[in-house]
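Below is one structure, written out as structure tokens, with a few remarks after it.
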Amino acid sequence: MKCTLEGNNAKVIAKAIQSLSKVGKELYIEADQQGLQLRAINATHSAVGSISFQRCMFETYNLPSSQYCYCKISMKVCLATFRNMKQVEHCEMSIVENHTKLQVKLRCKLETMKQALIAIIDDQNINAAVSKEASPNVIRGDFKLFMEISNNFNTNEEELTLEVDSNSLAAKNYIEGARVSDRFMRSQLKLKSSEFDQYLVTKNTVITFCIREFRAFLLFAETLNAPLNLEFNEAGDPFLLKINKHQEIECILIMSTLSPDDVSFSEDNCQRELTVDETPDSQQVVSKKRKNSQPIEANAPEKRRVEPDDSLMESNSSLSNSLFQFRPSEPPSVEAVRQLADVDTLMVIPDEADEEALMLAAADAAMATQMPKTNPNPSVPSSTEVCFYNTEDTTIVDQQQHLEEEEDDEEESIPQSPEREQRKIRTIFSRCFQSTYVPREPSPNSQVYVPNSDTED
Amino acid sequence: MKFRALMQDPLYMREFQSIIATLAKLAKDCLMILEDQKIHFIVNEEHSSTASPLVWTSIASQDYFPEYLCEPARAEHGYIVLQMSAAHLSRSLAVLRMNNVNNCKMKLQRIQFPCISVIASVVSATSCEPREVVHDVPATIVPFKEWPPYLVPRVPSSQLVLNIPSLRLMRSLIEKLKNISPSLVFHASSAGELNLVAESEMATITTRFKRLLQSILVADQNGPQEASCSVDTRKASAFFGALQLPNEELIIGIDPDHSIHLQMDIRENVVLHSILPAVSV
């Protein structure tokens, strides 16, 4: 594959990569007859973003003779390559060295040439199958409007709930009736349907999805200055966000939504493992809760659900994510996102020991205090350890530190035993070992006030 | 127990927002005391040892709120005392900074837990339809028997009270003195002079404010007199740094070797107070 494009179009691609970098840690590139497609999937596999650029955006566009042309590269590297795009006048992308490297040549002002060789991690592609049939609810609005909605919520918010009926929309950071922590501030914004360009709601729906990926695409819509299209059916079904610009750039973000039976409502008092709408700052509390509910959960593993939008699940799944990878043998590995999430559960459940260890690890890392006491299972199965070292997650670093600390503690206990003997000596000649003791001076205890009455000699 | 208040004047709404923003900069939690005619907010109540000083503010309800209702659980108690996160409250009011707010309602509600609901009706620049922005700030109701530590502090009796006309000058000065000395001496005389003394091993820095007006209330004391008090520079700096209000005047009262009382009259019946306790040098 080899394609070249003009500087301004390269800037758009750079912006697209920036947006996708907020979704996932890897970038999937696919080139086909229609054009170039960039994709990313988030750590919990709850959202897939895809941005496609039509051929007309490129100056030249050559496909290899074999039709297959896709690859996976590291997002971090790609982001660094496309960082400073101000000076770029021309860009060339090609796959070289027997399909192992992606070469990016950026020609900048003053005849400067920047060249980057990005290693291709895998010949792998993701493919999200979306049904073409029209969704019952379609909302279109200017990006500014959605920007205002998104700005109404805290930046560390995890998920957004939309409540739609035929003439109004309410954006909330909580689910009506769901159990929330009592330190959690609930916010909502109510809008009239007339504020949107198109508002077609045939089915009253309450739908919850992750806001972070939504914001990432909102950012891209801002650079394109294009309206956003939201299409959704009902809770549990995929939520689609589409951005189109002059038929040249097509973006689609597919997000899984929270199924209504995944929500623990405040009415039922049973201690369930996952709660929704926890503020991130109350994670400590939550992790404790998690620990408490551990035995229950172990007894009834079929109760486990994957709740991709949940903040906790996210950290958890990001750990477990490293355990199973996409197989290159089956390129269209993501079907409907929700289904894939279910597949995850199935994969996790049989391996219960690992799962439990992971959960303990997550809980412990979050508590981050008095590790030796709270860790109920110091001999973590080796498989999880491998996972810790592989992933670059802060919680894992914590965990690692804890493990090291533990080792340190063990080492310290060994030299302590000879010290005890020393202490025994000290108790006998304690005065001699004090820093105030001066051997020349007689100590007050040994001062002779009256000589012995009878001497031996 | 009922509380409901409505704000309509954009000027008052913005002012209210900046008062709460000031408090949010000083502490995590704030105390809201609702009274028949007044609302008080307190942060860092007395005897709590933090780096920021005790600050409280009293707002007379009849100016700010065209509609105001406060019914305590028992009429004889006369107060509703709530504790809540200052940051949440400040965030919920952030929308009032914009010009296009029609009105803002606050009410005490129970939705799973007690909370103050802040309901603002906003007209956006991009559309003509009013939107409703609702934030439910979770609050803890402080029961009657736990009130004593949370009562509105008394204004200390100061020996000498001076008006400072330019707050901006003093704010930047104290910000710089923070790096020089941990304690700062306020030395005032009835001739209208205020000296700020910061001492380090290498230098002594004295800043002299002259021709300050003495407050009328205390001015009738006999003969010229002086007062001085040494306070923690960090606390003073925290107070001046947190101020989000446009007011430029400050009243400073000195109770020798006991405390310094700072008072800002935001407008009639809307006052912000702070007490900086004395430290021994």
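Protein sequence lines correspond, in order, to chains Y and L.
Quick note, the first sequence lines up with residues -10 to 446 if you use my numbering.
Quick note, the second sequence lines up with residues 1270 to 1550 if you use my numbering.
Note that beta-carbon positions come from the ideal geometry of N, C-alpha and C, so glycine has one too.
Say whether chain Y places a C-beta atom closer than 8 Å to the C-beta of residue i.
{"i": "Gln1286(L)", "result": "no"}
{"i": "Pro1412(L)", "result": "no"}
{"i": "Pro1407(L)", "result": "yes"}
{"i": "Ser1551(L)", "result": "What the structure shows of chain L is the stretch from 1270 to 1550, and residue 1551(L) is not part of that stretch, so it cannot be assessed."}
{"i": "His1404(L)", "result": "yes"}
{"i": "His1357(L)", "result": "yes"}
{"i": "Ile1289(L)", "result": "no"}
By DSSP, does residue i sit in helix, in strand, or in coil?
{"i": "Val93(Y)", "result": "strand"}
{"i": "Leu247(Y)", "result": "coil"}
{"i": "Gly(-4)(Y)", "result": "helix"}
{"i": "Tyr1348(L)", "result": "coil"}
{"i": "His1357(L)", "result": "helix"}
{"i": "Thr33(Y)", "result": "coil"}
{"i": "Arg72(Y)", "result": "coil"}
{"i": "Leu1300(L)", "result": "strand"}
{"i": "Leu1482(L)", "result": "coil"}
{"i": "Pro1383(L)", "result": "strand"}
{"i": "Ser63(Y)", "result": "strand"}
{"i": "Ala1547(L)", "result": "strand"}
{"i": "Cys1397(L)", "result": "coil"}
{"i": "Ala1496(L)", "result": "strand"}
{"i": "Cys45(Y)", "result": "helix"}
{"i": "Gln7(Y)", "result": "helix"}
{"i": "Tyr57(Y)", "result": "coil"}
{"i": "Ser1441(L)", "result": "helix"}
{"i": "Glu146(Y)", "result": "coil"}
{"i": "Val119(Y)", "result": "coil"}
{"i": "Glu239(Y)", "result": "strand"}
{"i": "Phe228(Y)", "result": "strand"}
{"i": "Lys277(Y)", "result": "Confidence at Lys277(Y) is low in this model, with a pLDDT of 38, below 50, so the placement of that residue is unreliable and no value is reported for it."}
{"i": "Leu52(Y)", "result": "coil"}
{"i": "Pro1515(L)", "result": "coil"}
{"i": "Arg1536(L)", "result": "strand"}
{"i": "Ser1435(L)", "result": "coil"}
{"i": "Ile1449(L)", "result": "coil"}
Mind checking if residue i is an interface residue toward chain L, Cβ cutoff 8 Å exclusive?
{"i": "Ser183(Y)", "result": "yes"}
{"i": "Phe173(Y)", "result": "yes"}
{"i": "Asn141(Y)", "result": "yes"}
{"i": "Leu247(Y)", "result": "no"}
{"i": "Glu137(Y)", "result": "yes"}
{"i": "Val169(Y)", "result": "yes"}
{"i": "Ser155(Y)", "result": "no"}
{"i": "Arg178(Y)", "result": "According to the sequence displayed, residue 178(Y) carries Leu and not Arg. Yes, Leu178(Y) lies at the interface with chain L (some Cβ there is under 8 Å from its Cβ)."}
{"i": "Asp266(Y)", "result": "For Asp266(Y), the pLDDT reaches just 37, beneath the cut-off of 50, and the residue's location in the model is therefore unreliable, although a value from the coordinates is still provided. No, no contact with chain L."}
Looking at the secondary structure, which residues open and close the beta strand (DSSP E) in which residue i lies?
{"i": "Leu178(Y)", "result": "Arg175 to Lys181"}
{"i": "Gln26(Y)", "result": "Gly24 to Ile30"}
{"i": "Ala1329(L)", "result": "Leu1323 to Ala1329"}
{"i": "Lys1504(L)", "result": "Lys1504(L) -> not in any beta strand (DSSP E); alpha helix (DSSP H) instead, spanning Thr1502 to Ala1511."}
{"i": "Thr212(Y)", "result": "Thr212(Y) -> not in any beta strand (DSSP E); alpha helix (DSSP H) instead, spanning Ile200 to Leu213."}
{"i": "Arg1273(L)", "result": "Lys1271 to Met1276"}
{"i": "Asn218(Y)", "result": "Leu217 to Phe221"}
{"i": "Ile164(Y)", "result": "Note, Ile164(Y): premise wrong, no beta strand (DSSP E); not H, not E."}
{"i": "Tyr17(Y)", "result": "Glu15 to Ala20"}
{"i": "Ala105(Y)", "result": "Met102 to Asp111"}
{"i": "Ala1467(L)", "result": "Glu1462 to Glu1468"}
Where do the N-terminal and C-terminal ends of the alpha helix (DSSP H) with residue i fall, by residue?
{"i": "Ile1289(L)", "result": "Pro1279 to Leu1295"}
{"i": "Lys133(Y)", "result": "Phe132 to Asn140"}
To the nearest whole angstrom, what separates the beta carbons of residue i and residue j, a pair I think is in contact under 8 Å?
{"i": "Leu1362(L)", "j": "Val1324(L)", "result": "Rounded, the Cβ-Cβ distance is 17 Å, inconsistent with contact."}
{"i": "Glu202(Y)", "j": "Met244(Y)", "result": "6 Å"}
{"i": "Leu1531(L)", "j": "Leu1514(L)", "result": "No, Leu1531(L) and Leu1514(L) are not in contact; Cβ-Cβ is about 13 Å, not under 8 Å."}
{"i": "Asp1298(L)", "j": "Ala1355(L)", "result": "6 Å"}
- With 7 Å as the C-beta to C-beta threshold (strictly closer), list the residues of the segment 1371 to 1402 of chain L near chain Y in chain order. Cβ contacts with chain Y come from Gln1381, Phe1382, Ser1393, Thr1395, Ser1396, Glu1398, Arg1400, Glu1401 and Val1402.
- What residues in the segment 1430 to 1461 of chain L bring their beta carbon closer than 8 Å to a beta carbon of chain Y? none
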